[in-house]
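Trainee:
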Amino acid sequence: MLRLAALCCVASIAPGSPASADDLAPPPAIEAEGVPTIPRGLSRALAAYRTVPGYAFGGWLGGRREALVLAGAAPAGQVFSVVTPGAPPHQLTSIAGRVLGCSPRPGRNQFALLYDVDGNEAVQVALFDTPSGEVSRLSDGRSRYSEPRWSPDGRTLAVTGDARNSRDYDLYLIDPDDRQGAPRLLAELTGLATVEAWAPDGSRLLVTEIDVSQGSRLLAIDPQSGTPTVVFPNADSPGLHSPGDPRYAPDGRAIFLSLYDGGQFRRLGRLDPESGGVSILTGGIEADVESFAVSDEGNVLAASIHDDGYSRLLILDAESGRVLARPGIPDGQISSLTFLPGSTECAFNLETTREPSQVYSLVTRTGVLVRWTLGVPGGSTFDPPAPPERFRFESFDGREIPAFVYRPDPVRFPGPRPVLIDLHGGPQAQARPSFLGPESYLVNELGLALIVPNVRGSSGYGLSYLRLDDGERREDAVRDVGALLDWVADQPGLDADRVAVRGGSYGGYLVLAALSRFGDRIAAGIDVAGISDFQSFMDDQPELRLDLLRLEFGDERDPRVQRYFRDISPLRRADRITTPMLVVQGENDPRVPVAEARQIVDAVRGNGVPVWYMLARNEGHGFSRGENLEYLRAVEARFLIEHLRRPRPAPE
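Residue numbers (mature numbering (1 follows the signal peptide of the UniProt record, and there is no 0)): -21 to -1, 1 to 631.
(1) DSSP three-state label for I264, please.
(2) Cα-Cα, which of P207, D180, P406, S130 is closest to L527?
(3) Could you tell me which uninterrupted beta strand (DSSP E) segments, each at least 3 residues in length, are contained entirely in the stretch 45 to 76, listed from first to last along the chain?
(4) Apart from the five residues just before and just after E265, which ones in its own chain have a Cβ nearer than 7 Å to its Cβ?
(5) Using the DSSP secondary-structure output, state which residues sit across from P207 in a beta bridge.
(6) Can you tell me whether R536 is buried or exposed? The criterion is at least 16 other CB atoms within 10 Å of its CB, across all chains shown.
(7) Give a yes or no on contact between the stretch 62 to 76 and the stretch 599 to 617, applying the rule of three or more CB pairs nearer than 8 Å.
(8) Ends of the beta strand (DSSP E) at S258?
(9) On the DSSP letters alone, give me the boundaries of the alpha helix (DSSP H) that W466 sits inside.
(10) Assuming the contact rule is C-beta atoms closer than 8 Å, R123 and A91 should be a hit. Round their C-beta distance to whole Å, please.
(11) Looking only at its chain, what residues have a beta carbon closer than 7 Å to the beta carbon of F372, apart from the 5 residues adjacent to it on each side?
(12) Beta-carbon separation of G237 and D224 under 7 Å?
(13) Please report the residue range of the beta strand (DSSP E) in which G483 lies.
(14) With contact counted as at least three CB pairs below 8 Å, one residue from each stretch, are the stretch 490 to 499 and the stretch 515 to 524 in contact?
(15) Take L168 as the anchor and find which of L152, V186, S182, G181 has the nearest alpha-carbon.
(16) Out of G441, G321, D287, which one is the CA nearest neighbour of P367?
(17) Quick check on this structure: which residue in L594, R551, R542, R545 has the alpha carbon closest to the alpha carbon of V562?
(18) Would you give the residue range spanned by the alpha helix (DSSP H) that S515 belongs to?
(19) I'd like to confirm the pairing. Which residues does DSSP put opposite S366 in its beta bridges?
(20) With a 10 Å radius around its C-beta and 16 neighbouring C-beta atoms as the bar for buried, classify E340 as buried or exposed.
(21) Going by DSSP, what residue range makes up the beta strand (DSSP E) through R524?
(22) Let me confirm a value: V571 is counted as buried when at least 16 other C-beta atoms fall within 10 Å, else exposed. Which label applies?
(23) Which residues bound the alpha helix (DSSP H) around G223?
(24) So what's G601 in DSSP terms, helix, strand or just coil?
(25) For D296, does the count of other Cβ atoms within 10 angstroms reach 16, so buried, or fall short, so exposed?
(26) Which residues mark the beginning and the end of the alpha helix (DSSP H) in which I547 is found?
(27) Just confirm the distance between the C-beta atoms of R163 and L152, as a whole number of angstroms; I'd bet it's less than 8 Å.
(28) By the DSSP assignment, the alpha helix (DSSP H) with D581 in it spans what residues?
(29) From the DSSP secondary-structure annotation, give me the bridge partner or partners of W177.
(30) With 16 other CB atoms within 10 Å as the buried threshold, where does F235 fall?
(31) Give me, in chain order, the residues of the same chain whose beta-carbon lies closer than 6 Å to that of V480; leave out the 5 immediate sequence neighbours on both sides.
(32) Below 6 Å CB to CB, which residues in the same chain sit around V210 once its five sequence neighbours on both sides are set aside?
(33) Using the DSSP secondary-structure output, state which residues sit across from W129 in a beta bridge.
(34) Where I620 and Y440 are concerned, what is the direct C-alpha to C-alpha distance, given to the nearest angstrom?
(35) Between the alpha carbons of P110 and A137, how many angstroms are there, rounded?
(36) So what does DSSP say about V614, is it helix, strand or coil?
Written as structure tokens, this is what we have:
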């Protein structure tokens, strides 16, 4: 408490005080309502923790051993090349928008680039030529497109987009060398469709189609005629569903994919496209397959397996699923597994609690681990908090809820510590041990204990757990938050009178719901792009998203569901919220409309409760621009200092 009090003296500026040269001003695109001035001293204290995201693998440039990596925070995040392991990254792109991904063109020094503008998620596709630095937009600049896939010969780019009716994602082909041409419609599809892979001989395209009337299907589409054939599910795959990440074997005679096989976890399977039969390769592993890659030889698979928040890399026999090796990869999260063409070397991202995502590769034949990137791009160095402790707490129905807690240094911060509970979005996502980056300031300098739970509905803990919050069981996840407050109260090292809750998107809903249910036990709440009223949220969704959201939340046209929405929506219980709030929203948010923030801010202010509100006119679903993030972190720190420096007032 002494440390929080001392920092608060630095930040003790009354709301409404005029800003001075020593204050941190909001960036031009941010409107800050009710936010007190932020002393520049606080910003300077945070500067030591100012980092940008790490590196993400983008592919092998030209099919050779040269890595494309994405690095930096939007709008400065760009594509770089790393010519040899450990070499300094060389910046290739200078895109004004938000770079979302890249896909190398086979046999060429070019790559497809995905980007949007101001977080609007109207994703566009461009071609980047590395020798000249020329950027050519390949899409229409208006519609939304998904990640493209190159044909094996590199002549054609396949992509799905909603240009036809702004709802359904159809399949388009693009000739990247025809600068006057437009994406050519190949096949009209239904719902959300994604191009997954080309057959090795270019004769078929694998497309995943998610339509609420038919579920998730895997289609093989002829690139000449556009004729689709359903390859999964089929009559020979009863009980199998939800295909993911399908990839052809190098000879084209099998399709590898992840799927559910009637059990609790996502398996790795081998599908015969002719017979429709599926062989389960990881049936003996009681955990989700997160991602995988197929070697060019076709005899080896690299697979990432979920292990209670961490990833474990396995090398498998592609025919039998037998584990060939368990490489000793540091504890962390693995993603973007990609074999170098013609090689047994597999690249991947690894994020640990000690550093942000870095690019590695593993030579599966020898077990040699190679690190490609070093350090944090453009960031500062600091000692992150100790790795989090895994624990379980019992909820209202006796179910054990998984969670992690980051604790401050007990020597520097003795006694019961104030708590920040961070609730993830999704809801079908999960909190995992990760590099906290700037969040380390809250633990290292404010002495907060940071708890990240996986309330029911989170992924990674089985299909039944994933579905526990569906439909009219939504409030059960909120009750998990209440059970976590009970757990905190039982811990001698934590201060139950100084607890804040924070969450984004669906996590923002959980924050608002917790404040309306357990506000007398919470000192402060931070809502980032959260749902405040399910009815207004659903009423303001585009048709495609609405179909998918109904599967999770319920059909808002049903009077029974409407009544339930009224019962659980925080806006309908806003008169019970008496806890100070910080609300953060991007004006261009395509997922949670800005009205969700505005209405809860106005309603809670009507109770005479202090509400700080930040609206960024150049952001979407969450903040990504460097200057906005810097200001947000300073405001968030100021808010937590203000409301956790002393125990919450006793209820009257």
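Ideal Cβ placement from N, Cα and C applies to all residues, glycine included. Quantities reported herein were computed from a predicted structural model and do not represent experimental measurements.
Mentor: Per the coordinate set shown:
(1) Residue mapping note: residue 264 aligns to position 285 of the sequence shown, counting from 1. I264 falls in the coil class under three-state DSSP.
(2) Position 548 of the sequence shown, counted from the first residue, corresponds to residue 527. L527 has its Cα closest to that of P406, out of P207, D180, P406, S130.
(3) For secondary structure counted as the beta strand (DSSP E) over 3 or more consecutive residues, the stretch 45 to 76 holds these complete runs in sequence order: 46 to 50, 57 to 61.
(4) In the sequence shown, counting from the first residue as 1, residue 265 sits at position 286. Same-chain partners within the cutoff: F244.
(5) For this step, residue 207 is matched to residue 228 along the sequence shown. Beta-bridge partners of P207 (DSSP): I200.
(6) As a first step, residue 536 must be located in the sequence shown, where it is residue number 557. Around the beta carbon of R536, a 10 Å sphere encloses fewer than 16 other beta carbons of the protein chains shown; the residue is thus reported as exposed.
(7) Contact fails: fewer than three Cβ-Cβ distances are below 8 Å.
(8) Counting from 1 along the sequence shown, the entry for residue 258 is found at position 279. Unbroken beta strand (DSSP E) run through S258: 257 to 259.
(9) Residue mapping note: residue 466 aligns to position 487 of the sequence shown, counting from 1. Annotation for W466: the continuous alpha helix (DSSP H) segment containing it runs 453 to 468.
(10) Within the sequence shown, the letter at position 144 stands for residue 123. Within the sequence shown, the letter at position 112 stands for residue 91. Their Cβ separation, rounded to whole angstroms, is 16 Å, which puts R123 and A91 out of contact at 8 Å.
(11) Against the sequence shown, residue 372 aligns to sequence position 393. So the list reads I380, A382, A462, L463, W466, once near-sequence residues are dropped.
(12) One-based indexing of the sequence shown puts residue 237 at position 258. One-based indexing of the sequence shown puts residue 224 at position 245. The amino acid occupying residue 237 in the given sequence is Ser; Gly does not appear at that position. For S237 and D224, yes; Cβs fall inside 7 Å.
(13) Mapped onto the sequence shown, residue 483 falls at position 504. Here the beta strand (DSSP E) through G483 covers 473 to 483.
(14) Contact between the stretch 490 to 499 and the stretch 515 to 524 is absent, because fewer than three Cβ pairs lie under 8 Å.
(15) Against the sequence shown, residue 168 aligns to sequence position 189. For L168, the nearest C-alpha among the options comes from V186.
(16) Here the question's residue 367 lines up with position 388 in the sequence shown. The shortest Cα separation from P367 among G441, G321, D287 belongs to D287.
(17) The count along the sequence shown starts at 1 and reaches residue 562 at position 583. Nearest C-alpha to V562: L594.
(18) Here residue 515 corresponds to residue number 536 of the sequence shown, with the count starting at 1. Note, S515: alpha helix (DSSP H), 513 to 518.
(19) Residue 366 sits at position 387 when you count from the first residue of the sequence shown. At residue 366 the sequence reads Pro, which differs from the Ser that was named. DSSP, once it has assigned bridges, lists no residue as partnering P366.
(20) Here the question's residue 340 lines up with position 361 in the sequence shown. It is Ser, not Glu, that sits at residue 340 in the sequence shown. Answer is buried; the Cβ neighbour count reaches 16.
(21) Against the sequence shown, residue 524 aligns to sequence position 545. Residue range 522 to 532 is occupied by the alpha helix (DSSP H) that includes R524, with no beta strand (DSSP E) assigned at that position.
(22) Position 592 of the sequence shown, counted from the start, is the residue given in the question as residue 571. Under the 10 Å beta carbon count, V571 is surrounded by 16 or more other beta carbons and is classified as buried.
(23) What you label residue 223 is simply residue 244 of the sequence shown in a count that begins at 1. Run containing G223: none in the alpha helix (DSSP H); it sits in the beta strand (DSSP E), 220 to 227.
(24) Translated into positions along the sequence shown, residue 601 becomes position 622. DSSP places G601 in strand when its eight states are reduced to three.
(25) Numbered from its first residue, the sequence shown carries residue 296 at position 317. With a threshold of 16 other beta carbon atoms within 10 Å, D296 falls short and is exposed.
(26) Here residue 547 refers to the residue found at position 568 when the sequence shown is read from its first residue. That run of the alpha helix (DSSP H) goes 538 to 547.
(27) The residue given as residue 163 occupies position 184 in the sequence shown. The residue given as residue 152 occupies position 173 in the sequence shown. The pair is a contact, with the Cβ atoms about 5 Å apart (cut-off 8 Å).
(28) Taking the sequence shown and counting its residues from 1, the one referred to as residue 581 is at position 602. It spans 573 to 584 - the alpha helix (DSSP H) in which D581 sits, taken as one unbroken run.
(29) Taking the sequence shown and counting its residues from 1, one reaches residue 177 at position 198. Beta-bridge pairing links W177 to L184.
(30) In the sequence shown, residue 235 corresponds to position 256, counting from 1. It is buried - the Cβ of F235 has at least 16 other Cβ atoms within 10 Å.
(31) Position 501 of the sequence shown, counting from 1, holds the residue named residue 480. If the five residues before and after V480 are omitted, its C-beta is found closer than 6 Å to the C-beta atoms of I400, V490, A493, I501, G504, all from its own chain and listed in chain order.
(32) For the purposes of this step, residue 210 is taken as the residue at position 231 of the sequence shown. Short of 6 Å from the beta carbon of V210, and not among the five residues preceding or following it, lie these beta carbons of its own chain, in chain order: L197, A199, P252.
(33) Residue mapping note: residue 129 aligns to position 150 of the sequence shown, counting from 1. The partner list for W129 (beta bridge, DSSP) reads L136.
(34) Walking along the sequence shown from the start, residue 620 turns up at place 641. Walking along the sequence shown from the start, residue 440 turns up at place 461. Whole-angstrom Cα-Cα distance: 35 Å.
(35) The residue you call residue 110 lines up with position 131 of the sequence shown. The residue you call residue 137 lines up with position 158 of the sequence shown. Each residue's alpha carbon lies about 24 Å from the other.
(36) Locating residue 614 in the sequence shown gives position 635, where the first residue counts as 1. If DSSP states are grouped into helix, strand and coil, V614 belongs with the helices.
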